[in-house]
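In the working numbering, the protein residues as written are 1192 to 1476.
For each residue, glycine too, the CB sits at the ideal point set by N, CA and C.
Data first, discussion second: the structure below is written as C-alpha cells.
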DNA sequence: CATTGTCCCTGGAAGC
DNA sequence: TGCTTCCAGGGACAAT
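Have a look at this one:
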C-alpha cells in the first residue's frame, strides 16, 4: 500500500526517467481512474505536453506539465506506476507513451486509484497537513494537534488534513517505536510521549524511504522491484509473531475500522500509567 | 467543527 | 476439488 515512503520512492525513481519527456500516446483501458473530466478531454489535455517536473505531496504524485497543467495521481490501495514493464500487465488501466518510446503503465487491481488534471495542483492537495519529514513538523506542532483531540492517537495520525502521508502501516510502526498504545486518546499523551512519537514518526518514515518502501501487498517500484521496508517492520502485519523487543506475541485489533498491530506488553494500554519507551534501534538519523 | 460510519473494488485466503 | 464468504483499507461523502 503506497504511503509516504512508497510514493517518495516511486517519485525518485521515475523523475530521471520521465522529466523532460513528452507524452505522445495514451491508452485508456479503464476510464474509472480518470476523475472529473471525460476520457476525451483527459487525453486532449495530456497529448503533446512535456513533463517538467515530478513531486510528492502526502501520498499524491504530481506531474508538472507544460501549458500550466498538473497531473495529480493517487495510487490508493493497489495502484502502481511501472516504467517499461517487461511483459503485459494483467491489471493495466492507463498507459502513457513518451517521445523516447518508453512507456509509463498504471496498474491497479482494485481500481481505487485516481488521476486528476488541474491547473492548480493545490486544488487537490491544498487541504493536506504538514509533511512529517519537513522542518515544519515540529514537536510543538504535533503536541498542539494531539492535545486538542479525544480520538485514538492512531486515528489522529491517519488524518491527512493534519499530517500528510502516514498510512496504516507506518502509524502502527511509529506507535510501537514510541511505546504508545494506538487506542490512547490523543490528548492523554504526556510531553515525553509526544517527543518519542515525534522522533519515531520521522525515524520510521526515513528508514522506510531508505529501504525503498514496503511491499506488503501489491506495491512495486517503477522498475518492478519490491521494496524492503517490510522486512524490518516490528509489528505491522506481523500478527502472531514475537515482538522484537520482548517476544510477547503481537496482536491485531481494530482501530477506526483499520487493522492495527501492536505489542500488548511494550505499548501501554489506555488507562495504564507505565511508560515504556521503545525507540531503540531507530536513531532518527 | 469533530467524529463516526458507509461505500468503493476485486483477488486471495479461509471455510465448508 | 470447487464453491461461497470474508477481508484488506485511503479517502470521499453522509450522518450525527
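Nearest-angstrom Cα distance between residue i and residue j?
{"i": "residue 1201", "j": "residue 1273", "result": "9 Å"}
{"i": "residue 1209", "j": "residue 1289", "result": "8 Å"}
{"i": "residue 1413", "j": "residue 1393", "result": "24 Å"}
{"i": "residue 1345", "j": "residue 1207", "result": "36 Å"}
{"i": "residue 1329", "j": "residue 1380", "result": "16 Å"}
{"i": "residue 1295", "j": "residue 1386", "result": "41 Å"}
{"i": "residue 1303", "j": "residue 1251", "result": "13 Å"}
{"i": "residue 1426", "j": "residue 1376", "result": "21 Å"}
{"i": "residue 1347", "j": "residue 1239", "result": "42 Å"}
{"i": "residue 1411", "j": "residue 1326", "result": "29 Å"}
{"i": "residue 1253", "j": "residue 1434", "result": "38 Å"}
{"i": "residue 1198", "j": "residue 1235", "result": "27 Å"}
{"i": "residue 1444", "j": "residue 1218", "result": "42 Å"}
{"i": "residue 1233", "j": "residue 1308", "result": "7 Å"}
{"i": "residue 1222", "j": "residue 1265", "result": "15 Å"}
{"i": "residue 1460", "j": "residue 1245", "result": "42 Å"}
{"i": "residue 1351", "j": "residue 1220", "result": "30 Å"}
{"i": "residue 1378", "j": "residue 1438", "result": "30 Å"}
{"i": "residue 1227", "j": "residue 1395", "result": "35 Å"}
{"i": "residue 1349", "j": "residue 1241", "result": "34 Å"}
{"i": "residue 1353", "j": "residue 1317", "result": "12 Å"}
{"i": "residue 1231", "j": "residue 1362", "result": "40 Å"}
{"i": "residue 1342", "j": "residue 1391", "result": "20 Å"}
{"i": "residue 1237", "j": "residue 1260", "result": "9 Å"}
{"i": "residue 1436", "j": "residue 1398", "result": "18 Å"}
{"i": "residue 1280", "j": "residue 1339", "result": "47 Å"}
{"i": "residue 1428", "j": "residue 1229", "result": "39 Å"}
{"i": "residue 1315", "j": "residue 1203", "result": "21 Å"}
{"i": "residue 1464", "j": "residue 1267", "result": "Low confidence applies here, because residue 1464 scores a pLDDT of 43, under 50, leaving its location unreliable and the question unanswered by this model."}
{"i": "residue 1368", "j": "residue 1442", "result": "15 Å"}
{"i": "residue 1287", "j": "residue 1278", "result": "16 Å"}
List the residues that DSSP assigns as beta-bridge partners of residue i.
{"i": "residue 1434", "result": "In the DSSP output, where bridge partners are listed per residue, residue 1434 has none listed."}
{"i": "residue 1246", "result": "1253"}
{"i": "residue 1442", "result": "1453"}
{"i": "residue 1306", "result": "1225, 1264"}
{"i": "residue 1343", "result": "1376"}
{"i": "residue 1241", "result": "1213"}
{"i": "residue 1459", "result": "1371"}
{"i": "residue 1218", "result": "1286"}
Judging by CA-CA distance, which residue of the options is the nearest neighbour of residue i?
{"i": "residue 1407", "options": "1400, 1396, 1421", "result": "1421"}
{"i": "residue 1370", "options": "1455, 1228, 1449, 1262", "result": "1455"}
{"i": "residue 1212", "options": "1257, 1227, 1385", "result": "1257"}
{"i": "residue 1388", "options": "1401, 1286, 1458, 1246", "result": "1458"}
{"i": "residue 1292", "options": "1234, 1261, 1372, 1215", "result": "1215"}
{"i": "residue 1448", "options": "1374, 1405, 1424", "result": "1374"}
{"i": "residue 1409", "options": "1275, 1204, 1297, 1287", "result": "1297"}
{"i": "residue 1405", "options": "1340, 1315, 1359, 1230", "result": "1359"}
{"i": "residue 1205", "options": "1301, 1403, 1339", "result": "1403"}
{"i": "residue 1301", "options": "1271, 1446, 1313", "result": "1271"}
{"i": "residue 1269", "options": "1442, 1451, 1283", "result": "1283"}
So, residue i versus residue j, is the Cβ gap smaller than 8 Å?
{"i": "residue 1356", "j": "residue 1382", "result": "no"}
{"i": "residue 1321", "j": "residue 1334", "result": "no"}
{"i": "residue 1299", "j": "residue 1224", "result": "yes"}
{"i": "residue 1364", "j": "residue 1424", "result": "yes"}
{"i": "residue 1249", "j": "residue 1337", "result": "no"}
Tell me, to the nearest whole angstrom, how far the beta carbon of residue i is from that of residue j; I am working on the premise that it is less than 8 Å.
{"i": "residue 1400", "j": "residue 1193", "result": "Actually they are not in contact, since the Cβ atoms of residue 1400 and residue 1193 sit about 12 Å apart, beyond 8 Å."}
{"i": "residue 1247", "j": "residue 1255", "result": "Going by Cβ atoms, the distance from residue 1247 to residue 1255 rounds to 12 Å, so no, they are not a contact pair."}
{"i": "residue 1415", "j": "residue 1276", "result": "6 Å"}
{"i": "residue 1366", "j": "residue 1306", "result": "Not confirmed; about 33 Å, so no contact."}
{"i": "residue 1285", "j": "residue 1372", "result": "Not a contact, Cβ separation roughly 42 Å."}
{"i": "residue 1450", "j": "residue 1440", "result": "With 8 Å as the limit, residue 1450 and residue 1440 do not qualify as a contact, their Cβ atoms being about 16 Å apart."}
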